[in-house]
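Scroll down for the structure; my scribbles are underneath it.
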Amino acid sequence: MIKDDSIIKITKLNKWYGKFHALKDIDLSVGTTEKIVICGPSGSGKSTLIRCINRLEVHQEGSIKVDGIELSDDIKQITEIRSDVGMVFQHFNLFPHLTVLENCSLAPIWVRKKSKVEAEQMAMELLEKVRIPDQVNKYPGQLSGGQQQRVAIARALCMQPRIMLFDEPTSALDPEMIKEVLETMIELADSGMTMIVVTHEMGFANRVADRIIFMDEGQIVEQNDPDSFFNKPQSDRTKLFLSQILDH
Amino acid sequence: MSLNSNKFERIPDRLPPINSIGWVAWVKQNLFGSVSNTLITLLFFYLIFLYIPPFLDWAVFNANISGTDRSVCDDNKSGACWTFVKVRIEQLLFGLYFTLNPDQTWRPILAFIVFACLLIPLVIERTPHKKWLLLTLIILYPVFFVSVVGGGVFGIPESDASQWGGLLLTFALAFVGIVLALPLGILLALGRRSKMPIVRSFSIIYIEFWRGTPLITILFMASVMLPLFFPSGVEFDKVVRAMIGITLFQSAYTAEAVRGGLQAIDKGQTEASMALGMGYWQQTIFIILPQALRISIPSIVNTFIALFKDTSLVSIIGLLDLLKIAQNSSRSLDWNGYDIEAYMFAGLVFWMFCFGMSMYSQKLERKLDTDRNTE
Ligand SMILES: Nc1ncnc2c1ncn2[C@@H]1O[C@H](COP(=O)(O)OP(=O)(O)OP(=O)(O)O)[C@@H](O)[C@H]1O
Ligand SMILES: [Mg+2]
Numbered sequence: 030m031i032k033d034d035s036i037i038k039i040t041k042l043n044k045w046y047g048k049f050h051a052l053k054d055i056d057l058s059v060g061t062t063e064k065i066v067i068c069g070p071s072g073s074g075k076s077t078l079i080r081c082i083n084r085l086e087v088h089q090e091g092s093i094k095v096d097g098i099e100l101s102d103d104i105k106q107i108t109e110i111r112s113d114v115g116m117v118f119q120h121f122n123l124f125p126h127l128t129v130l131e132n133c134s135l136a137p138i139w140v141r142k143k144s145k146v147e148a149e150q151m152a153m154e155l156l157e158k159v160r161i162p163d164q165v166n167k168y169p170g171q172l173s174g175g176q177q178q179r180v181a182i183a184r185a186l187c188m189q190p191r192i193m194l195f196d197e198p199t200s201a202l203d204p205e206m207i208k209e210v211l212e213t214m215i216e217l218a219d220s221g222m223t224m225i226v227v228t229h230e231m232g233f234a235n236r237v238a239d240r241i242i243f244m245d246e247g248q249i250v251e252q253n254d255p256d257s258f259f260n261k262p263q264s265d266r267t268k269l270f271l272s273q274i275l276d277h
Numbered sequence: 472m473s474l475n476s477n478k479f480e481r482i483p484d485r486l487p488p489i490n491s492i493g494w495v496a497w498v499k500q501n502l503f504g505s506v507s508n509t510l511i512t513l514l515f516f517y518l519i520f521l522y523i524p525p526f527l528d529w530a531v532f533n534a535n536i537s538g539t540d541r542s543v544c545d546d547n548k549s550g551a552c553w554t555f556v557k558v559r560i561e562q563l564l565f566g567l568y569f570t571l572n573p574d575q576t577w578r579p580i581l582a583f584i585v586f587a588c589l590l591i592p593l594v595i596e597r598t599p600h601k602k603w604l605l606l607t608l609i610i611l612y613p614v615f616f617v618s619v620v621g622g623g624v625f626g627i628p629e630s631d632a633s634q635w636g637g638l639l640l641t642f643a644l645a646f647v648g649i650v651l652a653l654p655l656g657i658l659l660a661l662g663r664r665s666k667m668p669i670v671r672s673f674s675i676i677y678i679e680f681w682r683g684t685p686l687i688t689i690l691f692m693a694s695v696m697l698p699l700f701f702p703s704g705v706e707f708d709k710v711v712r713a714m715i716g717i718t719l720f721q722s723a724y725t726a727e728a729v730r731g732g733l734q735a736i737d738k739g740q741t742e743a744s745m746a747l748g749m750g751y752w753q754q755t756i757f758i759i760l761p762q763a764l765r766i767s768i769p770s771i772v773n774t775f776i777a778l779f780k781d782t783s784l785v786s787i788i789g790l791l792d793l794l795k796i797a798q799n800s801s802r803s804l805d806w807n808g809y810d811i812e813a814y815m816f817a818g819l820v821f822w823m824f825c826f827g828m829s830m831y832s833q834k835l836e837r838k839l840d841t842d843r844n845t846e
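This is how it looks when you write it as structure tokens:
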């Protein structure tokens, strides 16, 4: 299933928080347009792993290559990778002092050096795609959680990233809003974006994922296509985890 | 009639009982609500009755304001001698130079008027282009102030800064202290949170050093020691020395106020801007500072209020600020014995400035609260 033209290549990745070994010997390749869902119990290192990919966390051993560029301390390369990798957070992290439109156009203007007109035009297009076009002059605080998360997705897309990372994008949302955000993500997946999604929404995983990765205690326990993952889980831990989250 | 009757009958709205609304109810509830409350209220009214009428008699009804010398006041000792303040007003407001050159007093007056014209729109909420106004006030206004008040350009006669005094000097010291300390304080606050150990240590040492040293000591040092640090040819004006001392001191306090705001910003804001590829300065300027400064404005203004009052300490290095001139005048032969009036006038002027700043910061605080509630 792993394609040759991998856009992310992680080898022997190890990461510690102080003395705590948070990621252990992670090997992972992600192909262009591939959709990966990561799941696992709390504290298993899912967030840490995807945050290493855009260097929000610094790893100590192993290598991460994004688009052929190896992550190092080189600020220029980090900036380059970050503007190619969009990220959506659990708590949205919109900028509360800026309007929706400004949230979306700020980075394209200052990082991508686009003109204001161009940046705002693209922001409008993407906000329309996530169905927020008539709220562009509101502040984030005036929107519902689901709307805020869709703005956050549009904000990331405005940088025209080649990869999108999602860290539990729906777990801070009320049930009725989860659906609208998942729909937006499904549309994005169908448009061919490369995505790595940490989520416990197994319906979404089943519908969208090319590969599901199960993590526990900082390791990748198993990975498989959705069908095999759900129906023929290999390890006991996966079975236990699945039985717990599919129960309710 | 059963309890479960399906008929819903709407009860019409009624006004609340008359004794629960209106000022009578308010007085009853808030001033005489309990025994202790009643006692406090009565005591309070008694004290007002005891002190306020005699004070008003002295300060207003029996006060002297006519005439040009002390004879009027000496004849009527039962009232305040505002004649003194009236006669000495130029000295109190502008200091020696402009008193000796009365045809030049338009210069500080113009400087104050322009300041008010720039400041008032800034305080009003709906003014457009506030950023530009603020920049004008911070960058262009000092240039304007120095050219008009200091002179030596455009054919305006030069006025020696060491002969500035009174409110003019107090204002100049506080303005420079505030305007220079704000950017310095922001940089220090950022430095204190920096990941670079040298920058961080420098900021911490700087802030803690100046915060731990009394302003008087700093003014002495600025007055005596500053010249030692510069080649002997460089002559520093006393006023400039005081300004440097005050700025160094004030920036440490401003830094701590700003740091309070920085700490209140969620880590997610930095992470989101990093994830978008923004560099340190872009994050700081566009995302972090606008939010942090908004939060810390009330405490920054508090440090400004403290500074405004502290400027009166410059009298110990021989500068004649408002308070010192008031004191000196009341000790001159002409007005010997009228120090209460002098101090009251100085106190009132200080109070007006500080109260203005305080009102502004309270207004901002309320606005921040409502903003937060809509978020
Ligand atoms: N900044 C940090 N400092 C120290 N330990 C950390 C830090 N961040 C995470 N950890 C620890 O690393 C481990 C992995 O954390 P991580 O956030 O990656 O888990 P997760 O799988 O995303 O869990 P969750 O489902 O709760 O989000 C946890 O045990 C956590 O306590
Ligand atoms: Mg997590």
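Read top to bottom, the protein sequences are chains A and B.
Per this note's numbering, the very first residue in the first sequence carries number 30; after that it's consecutive.
Per this note's numbering, the very first residue in the second sequence carries number 472; after that it's consecutive.
Glycine included, C-beta positions come from ideal geometry on N, C-alpha and C.
Item, Value
"Contacts that methionine 749 of chain B makes with chain A (C-beta to C-beta distance below 7 Å)", "Ala136, Trp139, Val140"
"Any C-beta of chain A under 8 Å from that of methionine 745 of chain B", "yes"
"Best match in A:Phe258, A:Val66, A:Leu130, A:Phe233 for proximity to aspartate 9 of chain A [C-alpha to C-alpha]", "Look at the range of chain A in this structure, 30 to 277, and you will see that residue 9 of chain A is not part of it."
"Chain A residues whose Cβ lies nearer than 7 Å to that of glycine 493 of chain B", "By Cβ distance, chain A contributes nothing, its closest Cβ being about 37 Å from glycine 493 of chain B, past 7 Å."
"CB contact check: asparagine 122 of chain A to chain B, cutoff 8 Å", "yes"
"Element boundaries [alpha helix (DSSP H), containing isoleucine 511 of chain B]", "506-527"
"Local conformation of glutamate 847 of chain B per DSSP, three classes", "For residue 847 of chain B there is no data in the structure shown, the boundaries of chain B being 472 and 846."
"Methionine 116 of chain A classed as buried or exposed, judged by whether at least 16 other C-beta atoms fall within 10 angstroms", "buried"
"Where the beta strand (DSSP E) containing aspartate 196 of chain A begins and where it ends", "192-196"
"Histidine 126 of chain A at chain B interface by Cβ criterion, 8 Å", "yes"
"Interface residues of chain B facing phenylalanine 118 of chain A [CB-CB closer than 9 Å]", "Gly739, Glu742, Ala743, Ala746"
"Where proline 761 of chain B meets chain A, residues with beta-carbon distance less than 8 Å", "His126"
"Heavy atom of ligand 2 within 7 Å of aspartate 196 of chain A beta-carbon", "yes"
"Pair within 8 Å by beta-carbon distance, isoleucine 55 of chain A and isoleucine 36 of chain A", "no"
"Close beta carbons around aspartate 34 of chain A, own chain, < 7 Å, minus the five adjacent residues each side", "Gly60, Thr61"
"Closest by C-alpha distance to lysine 97 of chain A, when choosing among A:Asp113, A:Asn43, A:Cys133, A:Leu85", "Looking at the sequence shown, residue 97 of chain A is not lysine but glycine. Among A:Asp113, A:Asn43, A:Cys133, A:Leu85, the Cα nearest to that of glycine 97 of chain A belongs to A:Asp113."
"Any C-beta of chain A under 8 Å from that of glutamine 754 of chain B", "no"
"DSSP beta-bridge partners of cysteine 421 of chain B", "The shown model of chain B, from 472 to 846, leaves out residue 421 of chain B, and the question about it has no answer."
"Asparagine 132 of chain A to glutamine 740 of chain B span [Cα, whole Å]", "12 Å"
"Status (buried if at least 16 other CB within 10 Å, exposed otherwise) for aspartate 792 of chain B", "buried"
"Exposure of serine 257 of chain A, with buried meaning 16 or more beta-carbon neighbours within 10 Å", "exposed"
"Top-ranked residue by Cα proximity to isoleucine 110 of chain A, from A:Val210, A:Glu230, A:Pro190", "A:Pro190"
"Methionine 224 of chain A in three-state terms, based on DSSP", "strand"
"Per DSSP, the bridge partner or partners of aspartate 792 of chain B", "B:Gly637"
"Proximity test, Cβ basis, 8 Å: isoleucine 610 of chain B and chain A", "no"
"Where methionine 749 of chain B sits in the DSSP three-state scheme", "coil"
"C-alpha gap between aspartate 546 of chain B and tryptophan 494 of chain B, whole angstroms", "47 Å"
"Methionine 188 of chain A: contacting residues in chain B (beta-carbon distance under 8 Å)", "Leu747, Gly748"
"Per-residue contacts from threonine 108 of chain A into chain B (C-beta, under 7 Å)", "Gly748, Gly750"
"Integer Cβ distance of glycine 637 of chain B from phenylalanine 565 of chain B, believed to fall under 8 Å", "6 Å"
"Neighbour flag for leucine 271 of chain A against chain B, beta carbons, 8 Å", "no"
"Cross-chain neighbours of isoleucine 758 of chain B in chain A, by beta carbon under 9 Å", "Phe124, His126, Leu127, Leu135"
"Residues near lysine 41 of chain A by beta carbon distance below 7 Å, same chain, minus five either side", "Asp54, Asp56, Glu90, Gly91"
"C-alpha distance - glutamate 480 of chain B paired with serine 491 of chain B, whole-angstrom precision", "27 Å"
"Bridge partner(s) assigned by DSSP for arginine 236 of chain A", "Answer by DSSP bridge pairing: none, since arginine 236 of chain A is not bridged."
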